[in-house]
Amino acid sequence: LPQVTYWFVLLPCWLSHIGLFVSHLYSAKALFTFISDANNNRQRTDTTDNNDRTEYLPLLQRALKFGLKTGAISFILFVFEVLLYVRLAFGTISLSVVLIPLWIIVGFGIIDGIICKTQHASRVLSWLLILSSMILLVLRVDYGYEELFRWTMVLVPLVALLTIISVSLVYIIYGHQVGYYRLTVSQLNAGILYFLGSLGAALLFVTFSIMHMARPNVFEMRVVMVALAPLSVALVGLGAWGITRDEYERLLQYGGQQSVQPMKLRLEKTGWTAVEGKGATVIPMFGEVRYEPLDPSMKAKIVEMCMCCACYPYDDEEEIYTLPPNSDYPTISEPMTGLRIPSSTLG
650 LPQVTYWFVL LPCWLSHIGL FVSHLYSAKA LFTFISDANN NRQRTDTTDN
700 NDRTEYLPLL QRALKFGLKT GAISFILFVF EVLLYVRLAF GTISLSVVLI
750 PLWIIVGFGI IDGIICKTQH ASRVLSWLLI LSSMILLVLR VDYGYEELFR
800 WTMVLVPLVA LLTIISVSLV YIIYGHQVGY YRLTVSQLNA GILYFLGSLG
850 AALLFVTFSI MHMARPNVFE MRVVMVALAP LSVALVGLGA WGITRDEYER
900 LLQYGGQQSV QPMKLRLEKT GWTAVEGKGA TVIPMFGEVR YEPLDPSMKA
950 KIVEMCMCCA CYPYDDEEEI YTLPPNSDYP TISEPMTGLR IPSSTLG
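Positions 650 to 996 (my numbering) are the ones given, in order, by the sequence shown.
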């Protein structure tokens, strides 16, 4: 459809950014109204609502962090879309200039993962794969290395990225099935939608590679490519919407405070050691996920069904160190005599 202009194609994206900005304004207004009312009710001595006596500073911090992060990402993507429109419509700027907003996001992700060490190694590898694909794309388009860097070579890092994402999703979803991860209904449904979206993106890359290598002039292939891209984005967006709703309910329930999980005590040769048992962790695109080590009695049974289950942590309560007869732990090997308080201190 050559009569369709590029601004009309990008108009839904621009409208979505405007809608997100308006949502941020309404959310900020509702948050400050909620905290103001709670602070006013806390000053009343006759209040019977315990929630009014809760400090809402963690809620404010998490809400501001989420709002600033999503607002910054939305603005950067909006600038990218505007630069993309300028290149497609007028052709006055190079692809490397168009990708400047994405350079910022990817560069920040790599620096945060390598220097700050706040990310898992798989996430850092994912950022590096995206960076390598962007570099290959710029070398092919802007510098004319079409024979050296074919489209299949440009797509190889993205296929590897999709493989990492798919394996991670399978690990999380199957971990919920065996009992390690304790996903909510929204998190489980989002994981399934993410997996379907990644499969759709992989199928899109495969279709593009087939058309590039064989060059079949088939209208049905083009229809499939056009349908797969928005379908994959819609599946991922629907899953993210479910996670956002789940996190919103958790914010209202716990006031933005992270759940506290007690640690377990294990007797070792060096003494009693506090070890982490069940707890909660934050997984990207899943939010706060609870987990609990598997029962050791199920280890042999589960490993027989699937060898991949051996990578899930198990509770090591059976591997407790037993004290020898002549141990140096009087508080353990001998009965405690109790705490004696002088009678002069009483009364």
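Even glycine gets a Cβ: it sits at the ideal position worked out from N, Cα and C.
Nothing here was measured: the structure is a model prediction, and the numbers come from that model.
Worksheet item: So E730 is in the alpha helix (DSSP H); what residue range does that whole segment cover?
Response: Position 81 of the sequence shown, counted from the first residue, corresponds to residue 730. Segment 706-739, the alpha helix (DSSP H) holding E730.
Worksheet item: Sorted by chain position, which residues of the same chain lie with C-beta nearer than 8 Å to T750's C-beta, five sequence neighbours on each side aside?
Response: If you number the sequence shown from 1, residue 750 lands on position 101. Rather than Thr, the amino acid found at residue 750 in this sequence is Pro. I725, L726, V728, F729, L732, listed in sequence order.
Discussion item. Taking 7 Å as the limit between beta carbons, can you name the residues of its chain near M870, skipping five residues before and five after?
Written reply: Numbered from its first residue, the sequence shown carries residue 870 at position 221. Excluding sequence neighbours, M870 sits near T856, M860.
Worksheet entry | Alpha carbon of V819 to alpha carbon of D686, nearest angstrom | As a working mapping, residue 819 is identified with position 170 in the sequence shown. As a working mapping, residue 686 is identified with position 37 in the sequence shown. Cα to Cα, V819 sits roughly 44 Å from D686.
Worksheet item: What are the boundary residues of the alpha helix (DSSP H) that I813 is part of?
Response: As a first step, residue 813 is located in the sequence shown; it is residue number 164 there, counting from the start. Where I813 is concerned, the enclosing alpha helix (DSSP H) stretches over 800-827.
Worksheet item: Between V884 and the rest of its own chain, which residues show a CB-CB distance below 7 Å, the 5 nearest in sequence each way excluded?
Response: As a first step, residue 884 must be located in the sequence shown, where it is residue number 235. One detail in the question is off: residue 884 reads as Leu in this sequence, not Val. Excluding sequence neighbours, L884 sits near L842, L845, G846, G849.
Worksheet item: Are L786 and V805 touching if we call contact CB-CB under 8 Å?
Response: As a first step, residue 786 must be located in the sequence shown, where it is residue number 137. As a first step, residue 805 must be located in the sequence shown, where it is residue number 156. No, the Cβ-Cβ distance between L786 and V805 is not below 8 Å.
Practice prompt. Please go through the same chain and pick out, in chain order, the residues whose beta-carbon is closer than 8 Å to the beta-carbon of R772, but skip the five residues on each side of it.
Written response: Here residue 772 is taken as the residue at index 123 of the sequence shown, counted from 1. These residues qualify, in order along the chain: G758, G762, P933.
Worksheet item: With which residues is G936 paired in a DSSP beta bridge?
Response: The residue labelled residue 936 in the question sits at position 287 within the sequence shown. Looking at the DSSP assignment, G936 forms a beta bridge with I932.
Discussion item. G891 and S817 - do their beta-carbons sit closer together than 8 Å?
Written reply: In the sequence shown, counting from the first residue as 1, residue 817 sits at position 168. In the sequence shown, counting from the first residue as 1, residue 891 sits at position 242. Contact flag unset, no.
Worksheet entry | Where V658 falls, given that 16 or more other Cβ within 10 Å makes a residue buried | For this step, residue 658 is matched to residue 9 along the sequence shown. Burial call: exposed.
Fill in: Beta-ladder partner(s) of Y963, from DSSP
Here residue 963 refers to the residue found at position 314 when the sequence shown is read from its first residue. BP columns for Y963 point to L943.
Worksheet item: For the alpha helix (DSSP H) that D761 lies in, which residues bound it at each end?
Response: Translated into positions along the sequence shown, residue 761 becomes position 112. Start and end: 749-763.
Discussion item. Buried or exposed, going by whether 16 or more other CB atoms sit within 10 Å of the CB of F935?
Written reply: Numbered from 1 along the sequence shown, position 286 holds the residue referred to as residue 935. Classification of F935: buried, given that the 10 Å Cβ count is 16 or more.
Worksheet item: My guess is that D791 and L737 are in contact by the Cβ rule of under 8 Å, so how many angstroms apart are they, rounded?
Response: As a first step, residue 791 must be located in the sequence shown, where it is residue number 142. As a first step, residue 737 must be located in the sequence shown, where it is residue number 88. Actually they do not touch by this definition, with Cβ atoms about 15 Å apart.
Practice prompt. Measure from the alpha carbon of G828 to the alpha carbon of each residue in L901, K927, F798, then state which is nearest.
Written response: Position 179 of the sequence shown, counted from the start, is the residue given in the question as residue 828. Nearest of L901, K927, F798 to G828, Cα basis: K927.
Worksheet item: Nearest to P707 by alpha carbon, out of K718, I722, I684, R939?
Response: Residue numbering aside, residue 707 sits at position 58 when the sequence shown is read from its first letter. The shortest C-alpha separation from P707 is found at I684.
Worksheet item: Helix, strand or coil for Y897 per DSSP?
Response: Working through the sequence shown from its first residue, we reach residue 897 at position 248. Helix.
Fill in: Supposed close pair G716, S665 - CB separation, criterion 8 Å
Taking the sequence shown and counting its residues from 1, the one referred to as residue 716 is at position 67. Taking the sequence shown and counting its residues from 1, the one referred to as residue 665 is at position 16. That belief does not hold up - the Cβ atoms of G716 and S665 are roughly 17 Å apart, past 8 Å.
Worksheet item: Between E968 and the rest of its own chain, which residues show a CB-CB distance below 6 Å, the 5 nearest in sequence each way excluded?
Response: Position 319 of the sequence shown, counted from the first residue, corresponds to residue 968. Because the pLDDT of E968 is 48, which lies under 50, any placement of that residue in the model is unreliable, and the number read from its coordinates should be weighed accordingly. Once the five neighbours on either side are set aside, E968 has no close Cβ partner at all.
Practice prompt. Take T812 as the anchor and find which of L852, I784, L832 has the nearest alpha-carbon.
Written response: Here residue 812 refers to the residue found at position 163 when the sequence shown is read from its first residue. The shortest Cα separation from T812 among L852, I784, L832 belongs to L852.
Discussion item. Helix, strand or coil for Y830? Go by DSSP, reduced to three states.
Written reply: Reading the sequence shown from its first residue, position 181 is the one you call residue 830. Strand at Y830.
Worksheet item: Just the Cα atoms here: how many angstroms apart are V882 and G888?
Response: Numbered from its first residue, the sequence shown carries residue 882 at position 233. Numbered from its first residue, the sequence shown carries residue 888 at position 239. Rounded to the nearest angstrom, the two C-alpha atoms are 10 Å apart.
Worksheet item: By the 10 Å Cβ neighbour count, where 16 or more other Cβ atoms means buried, how is A712 classified, buried or exposed?
Response: Taking the sequence shown and counting its residues from 1, one reaches residue 712 at position 63. A712 should be labelled buried.
Item to complete: Just mark R789 as buried or exposed, buried being the case when its beta carbon has 16 or more other beta carbons within 10 Å.
Response: Locating residue 789 in the sequence shown gives position 140, where the first residue counts as 1. Per the 10 Å Cβ criterion, buried.
Discussion item. I'd like the span of the alpha helix (DSSP H) that includes V653, first residue to last.
Written reply: Walking along the sequence shown from the start, residue 653 turns up at place 4. That residue, V653, is in no alpha helix (DSSP H); it is neither H nor E in DSSP.
Worksheet item: Would you say V997 and W776 are within 8 Å of each other, going by their C-beta atoms?
Response: The requested residue 997 does not occur in the structure, where the chain is confined to residues 650 to 996.
Practice prompt. Hey, could you find the ends of the alpha helix (DSSP H) L597 is sitting in?
Written response: Past the boundaries of the shown model lies residue 597; the chain is included only from 650 to 996, so the question cannot be answered.
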